[in-house]
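For the protein sequence lines, the chains are A and B, in the order given. Sequential numbering of the first sequence, starting at 608, is according to our numbering. Sequential numbering of the second sequence, starting at 40, is according to our numbering. Virtual Cβ for every residue (Gly too), placed ideally from N, Cα, C. Quick caveat: nothing in here was measured; it's all calculated off a predicted structure.
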Amino acid sequence: MSMRRSLPFVIPLALVLGSGATLAADRPGLGKPVTEADLALWDITVGPDGAGLPPGSGTPAQGAAVYAQKCELCHGNGGQGGRNAALSGPERTVANYVPHATTIFDYTRRAMPWQQPKTLTNDEVYAVTAYILALNKIIGENDVMNADSLPKVKMPNRDGFVSKYPERR
Amino acid sequence: MSKRRQNGSPPLEPVAGNGLLDRRALLGRGIVFASAAATGVTASLTGAGAEPLAVDPWSLEIGTAIPPYERPAKYEKDVVRTLTNPKNEPRNSQARTPHHLLNGTITPNGLHFVVARGGFPDIEPDKHRLVIHGLVKQPLVFSLDTLARYPMVSRICFVECGGNSAPLFSKDPVQANVQAIHGLLSCAEWTGVRLSTLLEETGIDPKAKWFLAEGSDLPTMNRSVPLAKALDDAIIALYQNGERLNPSQGYPMRLLLPGYEGNMSVKWLHRIKLVEAPVMAMNETMQYTMRVAGPKVWQFYFPQEVKSFVTHPSPGLTLKGPGFYEISGLAYSGNGRIAKVMVSADGGKSYAPAILDAPVLSKSLTRFRIPWRWDGQPVVLQSRAWDEAGNVQPTRAELLAERGQPKINPPVTAFTMGHMNAITSWGIDDKGEARHVYA
Chain A
608 MSMRRSLPFV IPLALVLGSG ATLAADRPGL GKPVTEADLA LWDITVGPDG AGLPPGSGTP
668 AQGAAVYAQK CELCHGNGGQ GGRNAALSGP ERTVANYVPH ATTIFDYTRR AMPWQQPKTL
728 TNDEVYAVTA YILALNKIIG ENDVMNADSL PKVKMPNRDG FVSKYPERR
Chain B
40 MSKRRQNGSP PLEPVAGNGL LDRRALLGRG IVFASAAATG VTASLTGAGA EPLAVDPWSL
100 EIGTAIPPYE RPAKYEKDVV RTLTNPKNEP RNSQARTPHH LLNGTITPNG LHFVVARGGF
160 PDIEPDKHRL VIHGLVKQPL VFSLDTLARY PMVSRICFVE CGGNSAPLFS KDPVQANVQA
220 IHGLLSCAEW TGVRLSTLLE ETGIDPKAKW FLAEGSDLPT MNRSVPLAKA LDDAIIALYQ
280 NGERLNPSQG YPMRLLLPGY EGNMSVKWLH RIKLVEAPVM AMNETMQYTM RVAGPKVWQF
340 YFPQEVKSFV THPSPGLTLK GPGFYEISGL AYSGNGRIAK VMVSADGGKS YAPAILDAPV
400 LSKSLTRFRI PWRWDGQPVV LQSRAWDEAG NVQPTRAELL AERGQPKINP PVTAFTMGHM
460 NAITSWGIDD KGEARHVYA
């Protein structure tokens with residue numbers, strides 16, 4: 608318990624320097640070059656700084672309508688939980704466990720609703736995100752969430768997160 | 040102990056409380072018991088005389104045709120995983136490995152543990168693609184066929200869910216077996232292409248410090264991983280114990296990060312993006328984090344720390360009267376090899392060293408064994424492991440002193456907190472029945 612150590616390892620210099628450090632003939636070279644533009648439909652990641660957020664917007668009231676239709680079945684009335692996780696309340700919820708509001712947008716867009724994932728429009732994802740944030744009293748009832756406002760939301764426990772990497776103590 | 044017998048084997052006398060015997064008795068040099076007077080238990084390994092043996096009926100008939108793909112004997116039908124979501128309702132699914140019914144260290148493919156969200160996707164292997172992009176010099180797309188032409192590596196390693204053993208966080212000892220408590224852990228030989236080999240071809244922008252790994256399952260599950268892990272021992276696994284990956288293990292390809300919490304070894308892997316900083320995905324914020332004290336939440340806790348537990352005996356495996364038994368179990372560390380396992384039969388008052396089955400491999404399950412002569416009285420069995428990096432498995436009291444004292448008894452499948460690696464205690468009563476206890 609008193610000692611927690613990892614064994615050391617060394618990053619090969621050639622890897623850091625990149626592809627120029629090794630002769631192409633030494634490698635299979637079977638990967639096909641692709642452009643970032645070609646990956647637009649796959650690269651759905653939203654960063655905590657808002658990078659990757661699409662155009663669109665939504666309010667808590669708009670989100671409430673989407674929620675009632677597509678989310679309430681699993682997450683319960685008012686986000687109190689049902690057959691799946693609560694989205695508000697005292698336990699493992701967005702207020703305690705999400706340091707950046709962008710995470711709610713990212714996960715909702717990629718994974719929800721469970722029965723038809725990735726079918727919400729960007730406006731609907733912004734709206735549901737706004738609804739969840741308002742449920743937790745993190746934003747006001749009339750606040751509009753979009754690519755500009757969402758990354759600026761200060762999550763209540765953002766400063767409570769302690770990274771255990773690379774040191775575990 | 041000092042008196043040598045003619046064959047060179049030491050006599051078996053207890054080396055720790057409640058009948059733990061010298062591990063050397065298991066080294067294949069024959070077992071010679073110490074005098075019965077010294078132990079109060081019969082000294083002979085041979086019991087009452089056997090009945091005369093008849094010719095067995097199955098040796099008098101033609102056997103069953105050999106099938107193309109063989110399953111275990113029909114008498115082993117109960118050696119299966121336990122499922123939390125057999126009807127695939129809209130929530131996650133867990134399947135737990137029955138460690139109390141297995142031995143050795145390799146988990147058969149059909150019994151490997153699973154945590155999945157929305158079942159497993161039906162991926163057509165010819166249409167699957169893996170893309171590596173972001174902070175690279177040249178983004179590249181790989182098909183399964185092209186990946187299969189790359190130099191591969193095989194390695195044995197465990198995969199463990201970050202929430203495995205969470206029942207030990209309950210206020211009172213959960214009455215469940217080793218499968219329910221520790222079953223989100225398995226070990227296999229994985230074969231695939233080193234991620235570093237592929238990154239040699241894409242090149243790495245010096246600004247890259249992390250990479251995002253993403254699957255093509257229902258939630259398009261994603262995690263942020265330090266780039267250092269990619270350059271250390273990460274592989275894109277295509278084979279599991281010699282076969283192509285099972286569907287629920289990520290067919291046709293998964294990321295494999297030896298020693299790190301299982302959720303990071305993203306299954307159905309289709310995208311790797313090199314980035315400067317973690318993306319703060321759902322599964323590294325709301326899930327797979329630990330609220331430890333007040334508002335403090337531990338995040339990015341990656342290695343599965345040194346742990347061990349006794350599988351034989353354990354709840355459900357009732358001892359059949361006093362006498363000789365082998366205590367055995369599993370030990371492992373996400374930081375390297377297991378260096379030592381000590382076993383106690385008196386709740387931690389005294390310990391004796393166990394044998395470690397060879398080979399002892401880094402970040403892999405290690406089977407430990409120790410001979411034991413049970414006198415029929417109640418005992419408490421424990422194991423405690425050390426790894427080569429110098430880490431020692433904590434007692435439950437030591438771990439809770441750091442994480443906080445539990446106040447509730449959640450369902451056995453709930454994950455109140457992760458990365459529980461404390462000592463497990465099995466109380467054996469005078470009838471030979473094992474129960475989960477805190478000691």
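Next on the checklist: Assess contact between the stretch 166-185 of chain B and the stretch 95-115 of chain B, defined as three or more Cβ pairs (one per stretch) separated by less than 8 angstroms. Is contact present?
Outcome noted: No: the two stretches stay apart, fewer than three of their Cβ pairs being nearer than 8 angstroms.
Item to check | Complete runs of the alpha helix (DSSP H) confined to the stretch 239-291 of chain B [at least 4 residues] | outcome: Fully enclosed alpha helix (DSSP H) runs of 4 or longer: 266-271.
Checklist entry - What residue does the alpha helix (DSSP H) around R435/B start on, and which one ends it? => result Boundaries of the alpha helix (DSSP H) around R435/B: R435 to R442.
Next on the checklist: Is there a C-beta anywhere in chain B that falls below 8 angstroms from the one on C678/A?
Outcome noted: For C678/A, the answer is no, since every Cβ of chain B falls outside 8 angstroms of its Cβ.
Item to check | Contact residues within the stretch 182-201 of chain B, judged by C-beta distance below 7 angstroms to chain A | outcome: Near chain A, meaning a CB-to-CB distance below 7 angstroms, the residues of the stretch 182-201 of chain B are T185, R188 and Y189.
Checklist entry - Looking at the C-beta of M319/B, does it have a partner C-beta in chain A at a distance below 8 angstroms? => result Put simply, the CB of M319/B is near chain A, with a gap under 8 angstroms to one of its CB atoms.
Item to check | Neighbour flag for V641/A against chain B, beta carbons, 8 angstroms | outcome: Answer yes: the Cβ-Cβ gap between V641/A and chain B drops below 8 angstroms somewhere.
Checklist entry - Which chain B residues sit within Cβ distance under 7 angstroms of R767/A? => result The sequence as given places Gly at residue 767/A; Arg does not occur at that position. Residues of chain B with a Cβ closer than 7 angstroms to the Cβ of G767/A are, in chain order, P334, K335 and V336.
Next on the checklist: Checking 8 angstroms against the spacing of the C-beta atoms, do M752/A and T736/A come in under that value?
Outcome noted: For the 8 angstroms CB-CB criterion, M752/A and T736/A form a contact.
Next on the checklist: Distance cutoff 8 angstroms, beta carbons only. Does L637/A sit that close to anything in chain B?
Outcome noted: L637/A has a beta carbon lying within less than 8 angstroms of a beta carbon in chain B.
Checklist entry - Sorted by chain position, which residues of the same chain lie with C-beta nearer than 7 angstroms to N703/A's C-beta, five sequence neighbours on each side aside? => result Here the set comprises N764.
Checklist entry - Among residues of its own chain, excluding the 5 on either side of K446/B, which ones have a beta-carbon nearer than 7 angstroms to its beta-carbon? => result Only K210 meet the Cβ criterion.
Item to check | Nearest-angstrom Cα separation, counted from F159/B out to K731/A | outcome: Note that residue 731/A is Glu in the sequence shown, not Lys. Approximately 27 angstroms between the Cα atoms of the pair.
Checklist entry - Could you give the C-beta distance for A247/B and L296/B, rounded to a whole number, given that I count them as a contact under 8 angstroms? => result The Cβ separation is near 17 angstroms, so there is no contact.
Checklist entry - Alpha carbon to alpha carbon, how far is N684/A from T715/A? => result Each residue's alpha carbon lies about 18 angstroms from the other.
Checklist entry - Taking the alpha carbon of G322/B as the point to measure from, which residue in D396/B, A332/B and S304/B has its own alpha carbon closest? => result Residue identity differs from the one stated: residue 322/B is Asn in this sequence, not Gly. For N322/B, the nearest C-alpha among the options comes from S304/B.
Checklist entry - Does the beta carbon of A718/A come closer than 8 angstroms to any beta carbon on chain B? => result For A718/A, a Cβ of chain B is located within less than 8 angstroms of the residue's own Cβ.
Item to check | C226/B - containing beta strand (DSSP E), residue span | outcome: Run containing C226/B: L224 to R233, per the beta strand (DSSP E) assignment.
Next on the checklist: Please tell me whether T629/A has its Cβ less than 8 angstroms away from any Cβ of chain B.
Outcome noted: Low local confidence applies: a pLDDT of 48 at T629/A is under 50, so the model's placement there is unreliable, and no value is given.
Checklist entry - Between Q218/B and chain A, is there a C-beta pair that is closer than 8 angstroms? => result Chain A contact via Cβ: absent.
Checklist entry - So who's on the other strand from W337/B, going by DSSP bridges? => result For W337/B, which the question treats as bridged, DSSP gives the partners V769/A and M329/B.
Checklist entry - What whole-angstrom Cβ distance do G663/A and N749/A have, given they're in contact under 8 angstroms? => result Not a contact, Cβ separation roughly 18 angstroms.
Item to check | Classification of S98/B by the beta-carbon crowding that lies within 10 angstroms, buried from 16 upward | outcome: It counts as exposed.
Next on the checklist: Check whether chain A comes within 8 angstroms of N261/B, counting only Cβ atoms and requiring the distance to be less than that.
Outcome noted: Yes, contact with chain A.
Item to check | Three-state secondary structure assigned by DSSP to C681/A | outcome: In the three-state reduction of the DSSP assignment, C681/A falls in the helix class.
Checklist entry - When the cut-off is 8 angstroms and only beta carbons count, does P655/A lie next to chain B? => result Interface residue, yes.
Item to check | Three-state class that DSSP yields for Y704/A in the structure shown | outcome: Three-state result, Y704/A: helix.
Next on the checklist: Under 7 angstroms, CB to CB, which of the residues in the stretch 436-466 of chain B have a partner in chain A?
Outcome noted: Residues E437.
Next on the checklist: When you compare the CB positions of A205/B and M459/B, do they come within less than 8 angstroms of one another, or not?
Outcome noted: A205/B places its beta carbon less than 8 angstroms from that of M459/B.
Next on the checklist: For a quick check, are the C-beta atoms of I145/B and L400/B less than 8 angstroms apart?
Outcome noted: Judged by beta-carbon spacing, L400/B lies beyond the 8 angstroms limit of I145/B, meaning their Cβ atoms are not closer than that value.
Item to check | Own chain residues within Cβ distance below 6 angstroms of L141/B, not counting five before or after | outcome: Here the set comprises nothing.
Next on the checklist: Below 7 angstroms on C-beta distance, what does L240/B contact in chain A?
Outcome noted: One point to set straight first is that residue 240/B is Glu, not Leu, in the sequence displayed. One finds S626, R634, G636 and G638 in chain A with Cβ atoms closer than 7 angstroms to the Cβ of E240/B, taken in chain order.
Item to check | Residues near Y327/B in its chain [Cβ-Cβ closer than 7 angstroms; skip 5 each side] | outcome: Correct list, in chain order: G201, E300, N302 and G457.
Next on the checklist: Given a cut-off of 8 angstroms on the beta-carbon distance, is the pair L223/B and F152/B in contact?
Outcome noted: Yes, the pair counts as a contact, with Cβ atoms nearer than the cut-off.
Next on the checklist: Looking at chain A, is there any beta carbon in it that lies within less than 8 angstroms of the beta carbon of E128/B?
Outcome noted: Yes - at least one Cβ of chain A is within 8 angstroms of the one on E128/B.
Item to check | For L12/B, the three-state DSSP class (helix, strand or coil) | outcome: Any property of residue 12/B remains undetermined from this structure, which presents chain B solely from 40 to 478.
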